[in-house]
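Quick note: the sequence shown uses this note's numbering, first residue 1, plus one each step.
Here the structure comes first, spelled out in structure tokens, and everything after it is commentary.
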Amino acid sequence: MRDHLYLLAPDFADPAFPGRRFYCWHCALLEGVLAGFPSLAARLEVSRLPWPRPRQALVERVGEAHQSLPLLVLAPDAPDSLATGRHGAVRFIDGKDAILRVLHLRHGFPEAHP
Numbered sequence: 001m002r003d004h005l006y007l008l009a010p011d012f013a014d015p016a017f018p019g020r021r022f023y024c025w026h027c028a029l030l031e032g033v034l035a036g037f038p039s040l041a042a043r044l045e046v047s048r049l050p051w052p053r054p055r056q057a058l059v060e061r062v063g064e065a066h067q068s069l070p071l072l073v074l075a076p077d078a079p080d081s082l083a084t085g086r087h088g089a090v091r092f093i094d095g096k097d098a099i100l101r102v103l104h105l106r107h108g109f110p111e112a113h114p
């Protein structure tokens with residue numbers, strides 16, 4: 001089993017802003033990192049979910065309270081110390097900075113330049 005990265009699919013509408021199209025910049029940042037290092041990205045399972053909630057695939061894994069994306073669900077062999085959250089036995093990392101850190105520590109992606 002691999003770590004599973006959940007991202008928002010790009011180009012979505014928000015009914016609160018009629019006639020406008022959007023992308024999640026945190027997810028776009030991670031998409032760029034994945035595209036820049038395809039051999040490392042292949043180590044991850046990646047799902048791109050639609051914007052509207054509930055995001056059922058995610059709710060089933062990490063619960064209704066943790067639908068904000070991006071989110072990285074850790075494989076069972078990952079150290080507990082990497083997780084920023086837990087839902088039952090499922091450990092996960094939320095937040096772009098924490099995800100980037102774990103991509104570096106666990107999967108060998110280069111670090112972002114300070």
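Even glycine gets a Cβ: it sits at the ideal position worked out from N, Cα and C.
Just so you know, these numbers come straight off a predicted model, no measurement behind them.
{"Check": "Within 10 Å of its beta-carbon, does ALA35 have 16 or more other beta-carbons around it, so buried, or fewer, so exposed?", "Outcome": "exposed"}
{"Check": "Are the beta-carbon atoms belonging to TRP51 and ALA13 less than 9 Å from one another?", "Outcome": "yes"}
{"Check": "Taking the alpha-carbon positions, what's the ALA57 to GLY108 distance?", "Outcome": "27 Å"}
{"Check": "According to DSSP, simplified to helix, strand and coil, what is GLU111?", "Outcome": "coil"}
{"Check": "How about ASP3 and VAL59: are their beta carbons less than 9 Å apart?", "Outcome": "no"}
{"Check": "Report buried or exposed for PHE22, applying the criterion of at least 16 other Cβ atoms within 10 angstroms of its Cβ.", "Outcome": "exposed"}
{"Check": "With DSSP collapsed to three states, give me the class of ASP116.", "Outcome": "Outside the displayed span of the chain (1 to 114) sits residue 116, for which this structure offers no information."}
{"Check": "Are the CB atoms of VAL62 and HIS26 within a distance shorter than 9 Å?", "Outcome": "no"}
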